[in-house]
Amino acid sequence: MTVTAAESTAFALGAADGPGRLLIDGAWTAAASGETFEVRDPGTGEVVAQVAHAAEADVDAAVAAARRAFEEKRWRSLSGAQRGVVLWRVSELITQHLEEFARLESLDVGIPVSQARLMMGEAANAFRYYAGWADKIDGRSVEIGSAAQRFQGYTLKEPVGVAGLIVAWNAPMVNIGMKLPAALAAGCACVLKPSEQAPLTSLALGRLLREAGLPDGVVNIVTGFAPAGAALAGHEDVDKISFTGSVEVGRKILRAAEGNLKKVTLELGGKSPVLVLPDADLAGVFDGVAKGVFWNSGQICTSGTRLLVHRDVYDEVVQGVADAGRALRLGYGTDPDADLGPLISQQHLERVSGYVHSGVEEGATVVSGGRQVGDRGYFYEPTVVADARPDMRMIREEIFGPVIGAMSFEDVDEAIAVANGTSFGLAASVWSRDASRAHRIAREIKAGRVGINVHRAGGVQMPVGGYKQSGWGHENGPEGLDEYLETKSVISILDR
Ligand code: NAD
C-alpha cells in the first residue's frame, strides 16, 4: 500500500478538524495566539504538517478544563468496570487504525513502519492492560488500637487529581501508553503535552479517545515547546506531573513542581551497561547487543550503550557487534527492507556525530559506522567504538543515537563497578551461560531493569523506572497505576 505523507498527516490533522488545533474540553481549538509550528519528516527534512503552538494561556485553558472534568466527577464517578470498558475501546480503536498510526509515527519520528507497527501494538496493549486494572483498585483493611480501645481502619485509593503528562519524541505512542492508560484507570483528568518534535500521533489519539466515549475535558492535548511544558509543570492547579525526557529537563520539572509541591514521576535518560562474560553464547550476543543499542537508531532511553566485555572474548564480540550493525539497512520509514530510520533532526545528528568525534579525540577507535549517510534526511550509521574508557565523554553522557562504546575487563567485580560508575541507572544486561552468576550480577547492578541474555525486553506487566538520576517512580505494572493514586486512611472507633 502506498500512502503519501499528506494522507498520513490527514489522519492526525483531519482528526483535529484541520491543522493547528489543540484538544481542550472536548473541542478542537486553535492556540490563543493563533500561531502554529512546523513538523518535519526526519527522513527527508521536509515540512509535513503545521500544528498549534500552545503557550501558557492554552495550558491554563487545558488545565481548567481538566479541573472541571475532575471536580464534576465526569470520569472518576464511573465504576472501575465502566472506565475499563472505555479504555478497552481505546485499545480496539488503536488496533483498528494500527496501520494509519504506524505510518504517522514513522513519518514523524522516522522509525521504519514495520517497527512502528510493533510500537502501536504496545500502546494498544497498554490501554488493554490498564482497562483490566480499572476495577481492581482497592485498599486494605486494618485493625488497630489496644485491648482498651480498638479501631477499625481501611485504606482507600483515590485518583491524585489533574495529571500533566509530558513526553519525549523518540516513541510518542509508547511513552503515552506508559502514562495515559494508568492515569485514566486511576480516574485522573489529564493534560497531555507531546514533544514539539513528534506531536502527530497524539492528535490522532485525541480523536480516538473521544470516539471511545471519554467525557469532555478528561484528556486535553496541548502541542507546544518547552514553555508549554514549563507552564504545565509549574501550574498551581496541577496535582501531578509525569515526565519522560532528559535528566536536564527532569531537574527543571522538579523546580517547577516546587510551588504547589505536586507529585512527580520522572522517566529520564540512561547510559546502560552491557556485560559480556567469557562463557556467553557469542552468536546470541552479537545480534542481541546490536538490537539492544541500535533499535530505533539508538533513540531509546534503555539502549545498551556501554559494552563491557571480558578480555578473552573482547575482539570477537566487538567485531561481531560491528558486523551485526553493518548488516542493518538504513532506509526511509516506508521502505519495507529498512531496519533503521533516520535520527530525529539535523541538530541531533550533529550531536551524535559530535560524541563520536569526541571519543576519537580522547583515544577511542571507530570500528564500524561513524558517518552520516546521504544528504537527505538525518541518517547515521550504526557505530561501534572500541578502546573506550569510563572517563570519556561519550561513555559518561547519554548520546541517544546508534553508538556503542566497548571496554574490556578481566575481573567481573571490576566490570560491575564500572557498570555502576555512572550517574544513570535505567537498564543493563548480563550475558552468560552461568545462570546463577548472571542472577548474582543482576542483583549487584544499580539499574531499574536488568536483562539476562537479552537487552531489549519488557512489557507493560513489568515496572520500569530509574535508579539514581534516571528517574523517580515507576511506569507499567501495578506500580505504574499507583503513581496516579493517593492512599487515604479511614479509621473508626469500635465498640468494646
Ligand atoms: P527533553 O527533556 O528535551 O523533552 C521532553 C519533553 O519535555 C518534551 O515534550 C519537551 O517539549 C518538554 N520540555 C522541554 N523543556 C521543558 C521544561 N522546561 N519544562 C517542561 N517540559 C519541558 O527530551 P527529548 O529530547 O524529547 O527526549 C530524549 C530524552 O528522553 C532522553 O534523555 C531519553 O533518555 C529520555 N527518555 C526517557 C525514557 C524513559 O522511560 N526513561 C523514555 C524515552 C525517552
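Residues in the sequence shown are numbered consecutively from 1, following my numbering. Beta carbons are placed, not taken as given, at the ideal position from N, Cα and C, and that holds for glycine.
Roughly how many angstroms lie between the CA atoms of residue i and residue j, to the nearest whole one?
| i | j | result |
| --- | --- | --- |
| Leu-349 | Leu-340 | 14 Å |
| Val-59 | Ala-231 | 7 Å |
| Pro-478 | Pro-463 | 8 Å |
| Gly-161 | Ala-183 | 9 Å |
| Gly-370 | Gly-359 | 11 Å |
| Leu-78 | Gln-347 | 46 Å |
| Gly-45 | Gly-298 | 19 Å |
| Ser-429 | Gln-197 | 30 Å |
| Glu-316 | Leu-308 | 13 Å |
| Gln-50 | Leu-203 | 12 Å |
| Val-39 | Val-47 | 6 Å |
| Gly-206 | Pro-215 | 12 Å |
| Ala-57 | Ala-257 | 18 Å |
| Tyr-484 | Ser-114 | 33 Å |
| Glu-362 | Val-222 | 43 Å |
| Leu-22 | Ala-147 | 60 Å |
| Arg-311 | Val-274 | 14 Å |
| Ala-27 | Ser-33 | 17 Å |
| Trp-431 | Ala-419 | 14 Å |
| Gly-20 | Met-407 | 48 Å |
| Ala-116 | Gly-110 | 9 Å |
| Tyr-380 | Arg-393 | 19 Å |
| Ala-65 | Asp-237 | 11 Å |
Where do the N-terminal and C-terminal ends of the alpha helix (DSSP H) with residue i fall, by residue?
| i | result |
| --- | --- |
| Glu-158 | Premise fails: Glu-158 lies in the beta strand (DSSP E), 150–159, not in any alpha helix (DSSP H). |
| Arg-371 | Arg-371 -> no alpha helix (DSSP H), and no H or E assigned at all. |
| Ser-91 | 80–96 |
| Val-113 | 113–133 |
| Gly-284 | 282–294 |
| Ile-395 | 393–396 |
| Thr-201 | 200–211 |
| Ile-253 | 247–257 |
Can you pull the DSSP bridge partners for residue i?
| i | result |
| --- | --- |
| His-310 | Phe-409 |
| Gly-401 | Gly-401 is not bridged to any residue. |
| Ser-272 | Gly-304 |
| Gly-475 | Checking the displayed sequence, the identity of residue 475 turns out to be Glu instead of Gly. Glu-475 pairs with Val-464. |
| Asn-220 | Val-191 |
| Gln-50 | Glu-38 |
| Thr-386 | Here the sequence assigns Ala to residue 386, which means Thr is not the residue at that position. Answer is Thr-365, bridged to Ala-386. |
| Tyr-378 | For Tyr-378, which the question treats as bridged, DSSP gives no partner whatsoever. |
| Gly-451 | Ser-429 |
Just checking my contact of residue i with residue j at CB under 8 Å: how many whole Å lie between their CB atoms?
| i | j | result |
| --- | --- | --- |
| Phe-294 | Pro-199 | Contact doesn't hold; Cβ gap of about 26 Å is too wide. |
| Gly-217 | Ala-189 | 7 Å |
| Lys-179 | Leu-156 | About 23 Å separates the two Cβ atoms, so there is no contact after all. |
| Ala-338 | Ala-228 | Wrong, their Cβ atoms sit about 33 Å apart, outside the cutoff. |
| Val-384 | Ile-404 | 6 Å |
| Asp-287 | Ala-324 | 5 Å |
| Gly-192 | Val-219 | Note that residue 192 is Leu in the sequence shown here, rather than Gly. 6 Å between Cβ atoms; contact. |
What are the boundary residues of the beta strand (DSSP E) that includes residue i?
| i | result |
| --- | --- |
| Trp-431 | 427–431 |
| Val-264 | 263–267 |
| Gly-164 | 162–166 |
| Gly-344 | Residue identity differs from the one stated: residue 344 is Ile in this sequence, not Gly. Per DSSP, Ile-344 belongs to no beta strand (DSSP E) and is neither H nor E. |
| Thr-29 | 27–29 |
| Gly-145 | 141–145 |
| Ile-445 | Unbroken run through Ile-445: none, as it is neither H nor E. |
| Glu-38 | 36–40 |
| Glu-486 | 485–493 |
| Lys-240 | 240–244 |
| Ala-55 | First-last for Ala-55: undefined, no H or E at that position. |
Does any CB atom of chain D fall closer than 8 Å to the CB of residue i?
| i | result |
| --- | --- |
| Leu-343 | Absent from the structure: chain D. Only one protein chain is present. |
Exercise. Can you find at least 3 beta carbon pairs, one from the region 448–458 and one from the region 125–135, that sit closer than 8 Å?
Worked result: no
Exercise. Should the region 241–256 be called in touch with the region 67–86, which here means at least 3 C-beta pairs below 8 Å?
Worked result: no
For this session: Report yes or no: do three or more beta-carbon pairs, one from the region 152–171 and one from the region 4–12, lie closer than 8 Å?
Result: no
Problem set entry | Inter-stretch contact at 8 Å, needing at least 3 Cβ pairs: the region 316–334 / the region 362–382 | yes
For this session: Decide if the region 314–331 is in contact with the region 415–425; the criterion is three or more beta carbon pairs, one per stretch, under 8 Å apart.
Result: no
Exercise. Three or more C-beta pairs closer than 8 Å, one from the region 278–294 and one from the region 248–264: is that the case here?
Worked result: no
Exercise. Using 8 Å as the threshold, is the region 92–107 in touch with the region 115–123, meaning 3 or more CB pairs across them?
Worked result: yes
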